[in-house]
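Note that the numbering used here gives residue 1733 to position 662 of the sequence shown, counting from 1, and the numbers run on in steps of one. Written below as structure tokens is the structure these notes are about.
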Amino acid sequence: MQIGLWGRSALCTALMLLTALAPANADDGYRLWLRQTAPTSQASVEIKGGTPTLALAGAELRDILSAEDGTVLVGLSSDPAIAALGLPTQGLGDEGYLVRAMTNNGRKTIVVTANAPAGVLYGAFALARHKATGGDIASVNLRSVPGVKLRVLNHWDNLDGHVERGYAGQSLWDWWTLPDFKDPRYTDYARANASLGINGTVLNNVNAKADSLTAPYIAKAAALADVFRPWGIKVYLSARFSAPIEIGGLKSADPRDPAVAAWWKAKADEIYKAIPDFGGFLVKANSEGQPGPRDYGATHADGANMLAAAVKPHGGIVMWRAFVYAETDPEDRAKQAYTEFKPLDGQFADNVLVQVKNGAIDFQPREPFHPLFGAMPKTPLMLELQITKEYLGFATHLAYLAPLFEEVLDAPTGQRKGETVASVVAGAAEGHRLSGIAGVANIGRDRDWSGSTFNQANWYAFGRLAWDPTLSSEAIAREWTAQTFGNDTRVVAPVVAMMMGSREAVVNYTGPLGLAHLMGTGHHYGPAPWVSELARPEWNPVYYHRADKAGIGFDRTKTGSNAVSQYAPSVARIFSDPRKTPERDLLWFHHVPWTWKMASGDTLWNTLVTHYDRGVADVAQMGRQWEALKPFIDQERFAKQATYFDIQYREAKWWRDASLAYWMSVNGLSLPAGVAAPEHDLAWYKAQSFPYAPGQGK
Ligand code: GCW
């Protein structure tokens, strides 16, 4: 369309007017939790040393500290000016930091220091967080060392831009315009991660294409690595195990074949030429149709070690996933990873980590901790968490995941005295050199990065817990809220309360009391506990809940699959006994009658109904709490979230109604007096279909 001169200026005036009328506090969420506005008078920041990372640290501090805060001294602990101060920098390692206010030559000074540049950057962000959460600058004294070495995002991003289980738009990586165009968002992404201490990112989906390992894609990954490097972030790639066949022209990918090993070695050399600090490979092998060493009768250790040898000369590592369940194995799916991997303990090369999901099935709203934690003491186990909400309401539902992460980290393994999943993962319990936590990212091209403001909190919480697995989910919620919505207790207290109850609400309306895997086929959106006709038994929700006229739940005790025997005896004893098993996990481990008496004295059936109702009521309550916050939240983020609560309420009710309609069709029971009947009959719920639901695998 042609716009004439007059038309254009009228349009400009109209636009200017519109801008002037728009609420001054509109906010699209792009800035995440990094929202501090520059001070009117900047502090004097002295950077000792010339690395790009130190310069970034200095720039962050200039943006947040004002002249009254004094002089800021930024640099490595080895710098003579800083060494002369005699600060306790021993034990900070490569990434820990020290931030301290002191008087130096009679001048008020804040020192931000570490043994290596990345630590200084983390110190700068820690100071920013301290300030934004109301901390005093004049007396600041912060010291922290990360509890876990590899703090890595896993992007399930395909090369065509589709993100598997992604609910925040297309992939952030525009592979087509890389390596030439380095979208400024790549820098903003790196900065956000660095602010949390995330130090690695796996760029492509674990359901990998071999193309990622071809020369053009290595060049693209190298361009991203160049952007991320100054922010302390290493790039990793998911490797397709059959790549030697697909792009190498070999006949086999057998890890014991010297030609295959030589191909990977040459490939690693090629990658390291382009990306000298390349982190290494992540591998999903022999799982859900992916190729792997088992195709050749070799073990997972054979496969991992062959790749580990290829990256070892360059200091690289291999993250080998334990998420396996065979297409032909009739064993309880919850047992298969342990069965396969436990015997391999001690056989992995010293630059391999085995990456284990938090629970034994698949990122359900609640799962007991994975029995492999504590059971492979000779192998560093990397914890894999899912930040994207595949099973917790996609982009729209508010489900703050830190309580879920915390629940697994705090779980005692029972294997050794005082040992928890966190201490296994941190490597401390078993004395490992390597340690790691991975999070399946919830980041995409959506303007607000994660599909909703509250989803940003899950990215944030992942990063904070990966740095310090002992942090409490509530403390993290508080600091995130203060930085995201402003440090006003009238906002922080109610928002934190909403967040803290939100995951349990999702558990209650989707699968209370240990139920799991009841979602729709393929897209995983919405309830479908009735599904029973899929080819493999463990694809069907009925496999997981085992509801019949008499009762409900999966018997994983001696009388059933005996999955409980994979836990340490002290833990197994608890899970074997339905009276000792925490009620939240009851139906995960036990098949019990509908009339089973719960601790409250009420029946299982009535209790189940109460949980569904509580889940829906909690969502309604969150919606009301949010409404009350309207005066304090900018219009744009407020309105989007208010709509999302409407969606969540509708869907929570749908989960409850569909589930109850189905359970009643199985048990023939009626609802307790006063409980609302499902809105539709079961046939209606079964008839719903969602062909274009986002995030599906393809
Ligand atoms: O959670 C399931 C997902 C798959 C995913 C798989 C995995 C990347 O539904 O989409 O594939 O787990 O973790 O490998």
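Ideal Cβ positions, reconstructed from N, Cα and C, are used throughout, including at glycine. Here the structure is a predicted model, which means the values were calculated and not measured.
Mapping DSSP to helix, strand and coil, what is Asp1717?
helix
Own chain residues within Cβ distance below 7 Å of Pro1123, not counting five before or after:
Pro1301
For Ala1754, count the other beta carbons within 10 Å of its own beta carbon; 16 or more makes it buried, fewer makes it exposed. Which is it?
exposed
Apply the 10 Å Cβ neighbour rule to Tyr1288 and answer buried if 16 or more other Cβ atoms are within range, or exposed otherwise.
buried
Identify every run of the alpha helix (DSSP H) within the segment 1308-1382, keeping only runs that are complete inside it and at least 4 residues long; order them along the chain.
1314-1317, 1329-1345, 1371-1382
What is the DSSP secondary structure of Ala1093, reduced to helix, strand or coil?
Legend: pLDDT at Ala1093 = 42, less than 50; position of this residue unreliable, no value from coordinates given.
Pairwise C-alpha distance: Phe1646 and Thr1652:
5 Å
Cutoff 8 Å; reference Phe1252; Cβ partners in own chain excluding five residues on either side:
Asp1245
DSSP-derived helix/strand/coil call for Asn1176
coil
Assuming Val1273 contacts Val1223 under a Cβ cut-off of 8 Å, what Cβ separation, rounded to an integer in Å, is found between them?
6 Å
According to DSSP, what are the bridge partners of Glu1455?
Lys1428, Ala1509
Would you kindly work out how many angstroms separate the C-alpha atoms of Leu1295 and Asp1348, rounded to a whole number?
12 Å
Counting pairs of beta carbons, one from the segment 1420-1428 and one from the segment 1503-1510, are three or more of them closer than 8 Å?
yes
In this structure, does DSSP put Asn1225 in helix, strand or coil?
strand
Beta-carbon spacing of Phe1434, Tyr1462 below 7 Å:
yes
Under 6 Å from any heavy atom of the ligand GCW, does the C-beta of Gly1768 make it?
yes
Assuming Thr1555 is part of the beta strand (DSSP E), what are its boundary residues?
Looking at the DSSP string, Thr1555 is not in any beta strand (DSSP E); the run it does join, the alpha helix (DSSP H), is 1544-1556.
Using beta-carbon positions only, say whether Met1571 and Glu1545 come within less than 7 Å of one another.
yes
Per-residue DSSP class, three states only, for Tyr1638
coil
Let me know the secondary structure DSSP gives Gln1241 once reduced to three states.
coil
In chain order, which alpha helix (DSSP H) runs of at least 4 residues are fully inside the segment 1465-1536?
1473-1480, 1492-1496
Using alpha carbons as the reference points, say which of Ala1195, Asp1403, Glu1411, Ala1369 lies closest to Asp1626.
Asp1403
Span separating the alpha-carbon of Asn1429 from that of Leu1456:
6 Å
Would you report the Cα separation of Glu1750 and Asp1728, rounded to the nearest angstrom?
7 Å
Asp1231: CB within 6 Å of a non-hydrogen atom of the ligand GCW
no
Between Lys1280 and the ligand GCW, is there a pair consisting of the residue's CB and a ligand heavy atom that are separated by less than 6 Å?
no
Spell out the partners DSSP gives Phe1434 in its beta bridges.
Answer is none; Phe1434 lacks a bridge partner.
Is Gln1696 helix, strand or coil when you go by DSSP?
helix
Less than 7 Å between the C-beta atoms of Ala1097 and Gln1706, yes or no?
yes
Range of the contiguous alpha helix (DSSP H) that encloses Leu1605
Neither: Leu1605 is in no alpha helix (DSSP H) and is coded neither H nor E.
Is the distance from the Cβ of Lys1119 to the Cβ of Asp1150 below 7 Å?
yes
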